[in-house]
Ligand code: GLY
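In this note's numbering, the protein residues as written are 715 to 1278.
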């Protein structure tokens, strides 16, 4: 009864939660007058800014930043992967680009099953059969050709120099490379490039990657999909038991898609459409939350955590059942985002007691988290904004490193459902909507997002983190617009996550007090009490009321905001 009374009481405060806030807090992150790039590596953010200063715009900086991440952050930055970009031009035009990987033409629905129909361990995560056809080069060239101002060779020159002259290994990076060294050797042989031991402070020079980038800078994306690079890549796959073919590369195309757009209070949210689940799931959660007075409940109060968890539970159940590649499956987007449908989804929620995921929807589906993706946000001096999330899927993808070309290949095929009801490497269990088919794109959780307020650009945001991507973007938006945090403060704030199944609330370690934990337990919430990892690495930019930009670079990684 107590909670119902609290809620009714809050409902009686007129107009108190009908508009968002998000303007009054003082910035704690980097503030810049004109333009900003926030990414997982300082070198990449700096190169993005350098291109802007040379007269490029956000789309030129996108190409430079993405490739600089491929050089300095091989964990997730890539030539052998894919991604999604959402943009908002200074004049308000919006759009999005899908450069997600595709299943090779020789892929089959049961390609990861043995003769008894069981999933063969590691086949979709490691080695030659794990890779989808890469989309990154098609994506950055498509975006730059449509909107950029400079020549690709000018944009790529500082990246080529970086690959050739080297970058300094950070402490976190040295640890990651050390942890994966044996598996690099196991997959690629003892002489593989990343089989060497790298310490923090070492400089990594990558001449093979510099040569690949140099050819691409001279000849354009066709070098990757039809030229010498394509030949080397296909030969590597065909002679080592892979199925990616010449035809796969020739046929690959990035696709412009209408973004998912919806209002939340006085904001307009612009996010990624399928084949990413990000925009629809974020939309469902925010619209389920909208009728509630979140700011009055208090940041990380048990009622606030409950509401988010219950909305997340319901939205992720829908995600698993309905979403897949829109070129292959019909997605009921309008129904999924319909306010009355979402109101009905929350009708059985009570502040007094946890819902049970088993009572919410179909199947015995589950997700876990992954950090092996990367996000960057850019605003240029004219006010054009891009929000880009890109990935190899797992850390260093399939671990297949094409020595002659100098890059890792993705293991994005694992984002498909190899068999209905069997979890993939992140615990994801899919349905027919996300089954494997030749040329199909696998479902993603990537959520590059842009927020408008009063018709103006207000925030550019996104993160890695597998299924936790969506809930990290959600909490960052709520931190700013419901709880008046600045950008850096909103990024720093501890996060929690629920994804329907497993029916567990995950908290970042040591970040939430025992009072909250006990309150939730007393209402029947099941909390993950093992060694939870960090949730997301958000890189974001918000527009301040004085027209300046505040960066939020996630301290959970080596992330950095650079601006001028
Ligand atoms: N590979 C992670 C994702 O796309 O969600």
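Don't be surprised by glycine CBs; every beta carbon is placed ideally from N, CA and C.
Note that the structure is a prediction, hence the values are computed from the model and not measured.
As assigned by DSSP and simplified to three states, the class of residue i
i            : result
residue 1087 : strand
residue 1123 : strand
residue 1008 : helix
residue 748  : coil
residue 740  : coil
residue 950  : helix
residue 1167 : strand
residue 906  : coil
residue 1321 : Nothing can be reported for residue 1321, as the shown portion of the chain is limited to 715 through 1278.
residue 886  : helix
residue 974  : strand
residue 1158 : strand
residue 990  : strand
residue 897  : helix
residue 960  : helix
residue 1108 : coil
residue 1058 : helix
residue 695  : Any question about residue 695 goes unanswered here, given that the chain covers just 715 to 1278.
residue 1303 : No answer is possible for residue 1303: the residues shown for the chain start at 715 and end at 1278.
residue 1071 : helix
residue 966  : coil
residue 1180 : strand
residue 1174 : strand
residue 1150 : coil
residue 873  : helix
residue 943  : helix
residue 995  : helix
residue 1130 : coil
residue 855  : helix
residue 1103 : strand
Check: residue i C-beta below 7 Å from any heavy atom of the ligand GDP
i            : result
residue 1127 : In terms of ligand content, the structure shown lacks the ligand GDP and carries the ligand GLY instead.
Contact belief for residue i with residue j at Cβ below 8 Å, rounded distance in angstroms
i            : j            : result
residue 1157 : residue 1037 : 6 Å
residue 1023 : residue 1239 : 7 Å
residue 1104 : residue 794  : 11 Å between Cβ atoms; not a contact.
residue 787  : residue 807  : Their Cβ separation, rounded to whole angstroms, is 30 Å, which puts residue 787 and residue 807 out of contact at 8 Å.
residue 1201 : residue 741  : 7 Å
residue 1102 : residue 1190 : Actually they do not touch by this definition, with Cβ atoms about 16 Å apart.
residue 1278 : residue 748  : 6 Å
residue 1014 : residue 855  : Incorrect: roughly 43 Å between the Cβ atoms, too far for contact.
residue 842  : residue 956  : 4 Å
Close beta carbons around residue i, own chain, < 7 Å, minus the five adjacent residues each side
i            : result
residue 967  : 852
residue 809  : 801, 970 and 973
residue 847  : 815, 816, 818, 958, 962, 963 and 966
residue 1053 : 1001
residue 1016 : 1230, 1233 and 1234
residue 1033 : 991 and 995
residue 764  : 872
residue 804  : 1096, 1097 and 1098
residue 1261 : none
residue 1094 : 749, 766, 771, 772 and 775
Beta-carbon contacts of residue i that lie in its chain and below 6 Å, excluding the five residues immediately before and after
i            : result
residue 980  : 733 and 734
residue 982  : 1166
residue 1111 : 1122, 1123, 1124 and 1125
residue 1030 : 1213 and 1214
residue 917  : 880 and 882
residue 869  : 765, 774, 777 and 778
residue 1060 : 1002
residue 1078 : Residue placement at residue 1078 is poorly supported in this model, since its pLDDT is 29, which falls under 50; the coordinates still yield a value, given next. Cβ neighbours of residue 1078 beyond the five flanking positions: none.
residue 1011 : 1017 and 1018
residue 739  : 1198, 1199 and 1200
Beta-carbon contacts of residue i that lie in its chain and below 8 Å, excluding the five residues immediately before and after
i            : result
residue 946  : 1116, 1118 and 1119
residue 1020 : 1065, 1068, 1234, 1237 and 1239
residue 1051 : 974, 976, 994, 997, 998 and 1001
residue 906  : 898, 899, 1115 and 1117
residue 1083 : Interpretation of residue 1083 is limited by its pLDDT of 34, a score under 50 that renders its predicted location unreliable; no figure is taken from the coordinates.
residue 1109 : 789, 790, 890, 894, 1085 and 1086
residue 941  : 929 and 933
residue 834  : 826, 827 and 828
### Query
At what residue ranges does the segment 757–843 contain a whole run of the alpha helix (DSSP H), taking only runs of 4 or more?
772–786
### Task
Jot down the residue ranges of each uninterrupted beta strand (DSSP E) in the segment 1247–1275, minimum 3 residues, whole runs only, in chain order.
1253–1257 and 1263–1267
### Query
Which residue spans inside the segment 1182–1241 form an unbroken alpha helix (DSSP H) run of at least 4?
1182–1195, 1201–1206 and 1228–1236
### Query
Quick one: complete alpha helix (DSSP H) runs, 4+ long, within the segment 999–1047?
1008–1011 and 1016–1036
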